[in-house]
Amino acid sequence: MNTSSFKTTQMKTIKFILIVALLVLNLGCEKEEDTLEPPHPKSLKFQSVLDEFTASGIPGLSALVVSQDGFWAGASGYSSLEDDTPMSIDSEVFSASIGKTYCAVATLLLVQDGTIELDDPISNHISSTVLQGFDHTEVITVRQLLNHTAGLTNFDWNETFVNDVLTDPLSIEASDILDYERGNAFYALPGTEFKYSSTGYELLAALIEEVTGNHARFYSERIFAPLNLKNTYYKNESEYPLTKNLVNSYFDQLDTGQVENVSEIQNHLTNIFTGSDGIIATPLDYYKFLKEIMTGSLLTDEMKAEMLNFIPLGGDDYIGYGLGLWQRNVGYGIAFGHDGDAIGAGADMWYFPDHDIYIVTATNMGTVLQDTQLGRMYNESFLIAMITAVFE
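Under this note's numbering, the first residue of the sequence shown is numbered -12, with each subsequent residue one higher.
Pasting the structure below:
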């Protein structure tokens, strides 16, 4: 081989290696959606909001903002106070009642498949054994469970349930959840009034279970896998509920400003809830899920329209409820999404359609049962501070 031929062959080899390297690099960059977004110009401002509130006593916070201006995700404080593990945007946080939105999507997928209909009586799909002790089940429809107009009481507010959570939570089993409300009087006839009810979403999970044979596997196969939600966990994932990057959970039960570790309780309760709760994920995965509902193809346009058919509630903040989604007016326009409160967690995911802005926030501190200063700090002051930072 002459010198010219050798150099030509050498150059072709180098060019081939560079092309392969670029392909590998590009494939690696496409594995997470956040790499496709430019950094948000208000990143430092958003981070300072988180830092301010963890400095004020909230153990850990994580948040994400996506808008036409760019992408930001950040965290502050601690995932584990005991060993000073920092909170990370990759930390897996609890959904609490955001789990209702996943249950609603799973239900709508069954409607979309033609397996059930929104206005079917629930007695068509749920066994009499599960429905024992509940009235009007031959009248209550799937739609009414989804939009909280079934007239059901709510086990979240059941005095016996609350007492058990505060005194002996580890004794509560999954089979007990519906038992708290069996035989309780309905507050209204089905279809006549809105009344938020986690009980209804536990019944929806039972419906999905009976129709599919395994509601958790249905979540995994029909929601998590198609959306590439690799950091979302429910009952079907082997790591659940003790996922790799799961936060510790804390609660200020005595409202002293001093939190105690309630991880065992939070993990246990999350594990026994079904349709009303139970999801564990990263903020990025919550965003991907909400974005899919708003702009993706998992649900047909018809199903999206059903989901966004909000019942007017009046008031100034929570102004409507659709099929698994709240409609809110927080002063910067209407938002669609859901929030969640738990004994050792709090979470929010909201989309502002008029501005094409997504905001996801989460904490590993309890925000429910007791009206504590730290709980209010997350639910009111912190969330408003984040929203204000985004819009102003």
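Ideal Cβ positions, reconstructed from N, Cα and C, are used throughout, including at glycine. Source: prediction; values computed, not measured.
Same chain, Cβ closer than 7 Å to residue i, neighbours up to 5 away in sequence not counted
{"i": "threonine 94", "result": "Val129, Leu133, Leu191, Ile195"}
{"i": "aspartate 56", "result": "His27, Pro28"}
{"i": "tyrosine 174", "result": "Gly138, Thr140, Lys182"}
{"i": "proline 228", "result": "Asn254, Thr257, Asn258, Ile267"}
{"i": "isoleucine 103", "result": "Leu97, His112, Val129, Val198"}
Which residues DSSP lists as bridging residue i, in chain order
{"i": "methionine 364", "result": "Methionine 364 is not bridged to any residue."}
{"i": "arginine 169", "result": "According to DSSP, arginine 169 bridges with nothing at all."}
{"i": "methionine 352", "result": "Tyr237"}
{"i": "tryptophan 59", "result": "Val52"}
Own chain, CB closer than 6 Å to residue i, minus 5 neighbours either side, in chain order
{"i": "glycine 64", "result": "Thr41, Pro46, Gly47, Leu48, Met74"}
{"i": "valine 126", "result": "Pro177"}
{"i": "serine 382", "result": "Any answer about residue 382 is impossible in this case: the structure gives the chain only from -12 up to 379."}
{"i": "valine 36", "result": "Ala372, Met373, Ala376"}
Contact set for residue i: own chain, Cβ-Cβ below 8 Å, skip 5 residues either direction
{"i": "serine 54", "result": "His27, His342, Asp343, Ile344, Tyr345, Val377"}
Classification of residue i by the beta-carbon crowding that lies within 10 angstroms, buried from 16 upward
{"i": "tryptophan 313", "result": "buried"}
{"i": "glycine 327", "result": "buried"}
{"i": "proline 25", "result": "exposed"}
{"i": "arginine 363", "result": "exposed"}
{"i": "isoleucine 304", "result": "The identity of residue 304 in the sequence shown is aspartate, whereas the question assumes isoleucine. With fewer than 16 other Cβ atoms within 10 Å, it is exposed."}
{"i": "glutamate 189", "result": "buried"}
{"i": "glutamate 146", "result": "exposed"}
{"i": "asparagine 150", "result": "exposed"}
{"i": "isoleucine 210", "result": "buried"}
Residue i - DSSP class collapsed to helix/strand/coil
{"i": "valine 52", "result": "strand"}
{"i": "asparagine 258", "result": "helix"}
{"i": "lysine -6", "result": "A caution first: lysine -6 carries a pLDDT of 38, below 50, which makes its placement in the model too unreliable to give a value."}
{"i": "isoleucine 298", "result": "strand"}
{"i": "phenylalanine 238", "result": "strand"}
{"i": "glutamate 39", "result": "helix"}
{"i": "alanine 328", "result": "One detail in the question is off: residue 328 reads as aspartate in this sequence, not alanine. In this structure, aspartate 328 counts as strand in the three-state DSSP scheme."}
{"i": "glycine 89", "result": "Residue identity check: residue 89 is tyrosine in the sequence provided, not glycine. In the structure shown, tyrosine 89 sits in a helix (DSSP, three-state: H, G or I)."}
{"i": "asparagine 111", "result": "helix"}
{"i": "glutamate 125", "result": "coil"}
{"i": "aspartate 70", "result": "coil"}
Distance cut-off 7 Å: residue i Cβ against heavy atoms of the ligand NAP
{"i": "threonine 257", "result": "The ligand content of the structure shown is nil, which means the ligand NAP is not present either."}
Report yes or no: do the segment 153 to 169 and the segment 100 to 114 share at least 3 C-beta pairs separated by less than 8 Å? no
Could you say if the segment 250 to 267 and the segment 80 to 94 meet the contact criterion of at least three C-beta pairs nearer than 8 Å? yes
I'd like to know if the segment 206 to 220 and the segment 267 to 280 are in contact, where contact means that at least 3 CB-CB pairs between them fall below 8 Å. yes
Determine contact between the segment 194 to 210 and the segment 288 to 303, defined as no fewer than three beta-carbon pairs at a distance below 8 Å. no
Measuring CB atoms only, is the segment 329 to 337 touching the segment 347 to 362, in the sense that at least three cross pairs come out at less than 8 Å? yes
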